[in-house]
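Single-structure report; data block below.
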Amino acid sequence: MTANSTPIKTGWKDPDDAPDLSLPEWADRINSAPFKRGRPNSDNPKTSTTIRLDSDIIDRFRAGGPGWQSRINAALRDWLADH
8 MTANSTPIKT
18 GWKDPDDAPD
28 LSLPEWADRI
38 NSAPFKRGRP
48 NSDNPKTSTT
58 IRLDSDIIDR
68 FRAGGPGWQS
78 RINAALRDWL
88 ADH
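Note that this note's numbering has the sequence shown beginning at 8, numbered continuously upward.
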């Protein structure tokens with residue numbers, strides 16, 4: 008087994024040195040902190056589905072890089088607008 012050449016710094020604090028978070032001044036700080044998780048809700052959420060497309064169609068859209076699913080969505084929307 009090989010040993011690390013330099014010690015790893017973890018930033019870990021001994022729990023005995025940590026402040027008592029049950030004190031009122033800590034409770035106020037914790038409760039007043041902004042709490043956001045994830046992306047905000049959309050007004051028009053998308054629906055997950057499974058669709059089978061020919062490989063050459065998928066390859067063509069994927070060749071354009073990231074966002075290929077959005078481009079398929081836009082192509083379908085354009086087609087629906089014309090028909």
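Idealized CB from N, CA, C, for every residue including glycine. Fair warning: this is a prediction, and the values are worked out from it, not measured in the lab.
Would the beta-carbon of residue i fall within 8 Å of that of residue j?
| i | j | result |
| --- | --- | --- |
| Trp33 | Pro26 | yes |
Of all the options the options, which has the alpha carbon lying nearest to the alpha carbon of residue i?
| i | options | result |
| --- | --- | --- |
| Thr56 | Ser12, Asn80 and Asn38 | Asn80 |
| Thr54 | Ser39, Ala40, Ser77 and Thr17 | Ser77 |
Would DSSP call residue i helix, strand or coil?
| i | result |
| --- | --- |
| Ile58 | coil |
| Asp50 | coil |
| Phe68 | helix |
| Trp19 | coil |
| Asp27 | coil |
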